[in-house]
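Peer 1:
Quick look at the structure:
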């Protein structure tokens, strides 16, 4: 999917994604946001390492343009959402 987006130019266009809980466990009317800090740190620190890139190259999973993109990838977007400890309801975007 990324390879096709790079070839079409779509990978360099602004994108918006939403994540939400479709349903909660039976008997629950709401959930509580937890783990936001860990998620944000993970996204900030995310990198494709040499071993992962070598595997993709060796097994011809993606082309050179995609490998180069992945090697240099750093998340640079904005993330909006409920703060840690906030209540959320099913089927509602953040």
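Numbering (this note's numbering), first residue to last: 269 to 362. Where is the CB? At the ideal position from N, CA and C, for every residue including glycine.
Nearest to residue 271 by alpha carbon, out of 351, 336, 348 and 349?
Peer 2: Here residue 271 is taken as the residue at index 3 of the chain shown, counted from 1. Here the closest residue by C-alpha is 336.
Peer 1: Taking residue 351 as the reference, give the member of 318, 329 and 302 with the closest Cα.
Peer 2: For the purposes of this step, residue 351 is identified with residue 83 of the chain shown, where counting begins at 1. Of the listed residues, the one whose Cα sits closest to residue 351 is 302.
Peer 1: Tell me, please, whether the segment 273-290 touches the segment 331-345 by the rule of three or more beta-carbon pairs shorter than 8 Å.
Peer 2: yes
Peer 1: For the alpha helix (DSSP H) that contains residue 306, what are its first and last residues?
Peer 2: The count along the chain shown starts at 1 and reaches residue 306 at position 38. Annotation: the continuous alpha helix (DSSP H) that includes residue 306 extends over 304-313.
Peer 1: Could you spell out the range, first to last residue, of the alpha helix (DSSP H) harbouring residue 324?
Peer 2: As a working mapping, residue 324 is identified with position 56 in the chain shown. Here the alpha helix (DSSP H) through residue 324 covers 318-326.
Peer 1: Reducing DSSP to helix, strand and coil, say where residue 359 ends up.
Peer 2: Numbered from 1 along the chain shown, position 91 holds the residue referred to as residue 359. Here residue 359 sits in coil by DSSP.
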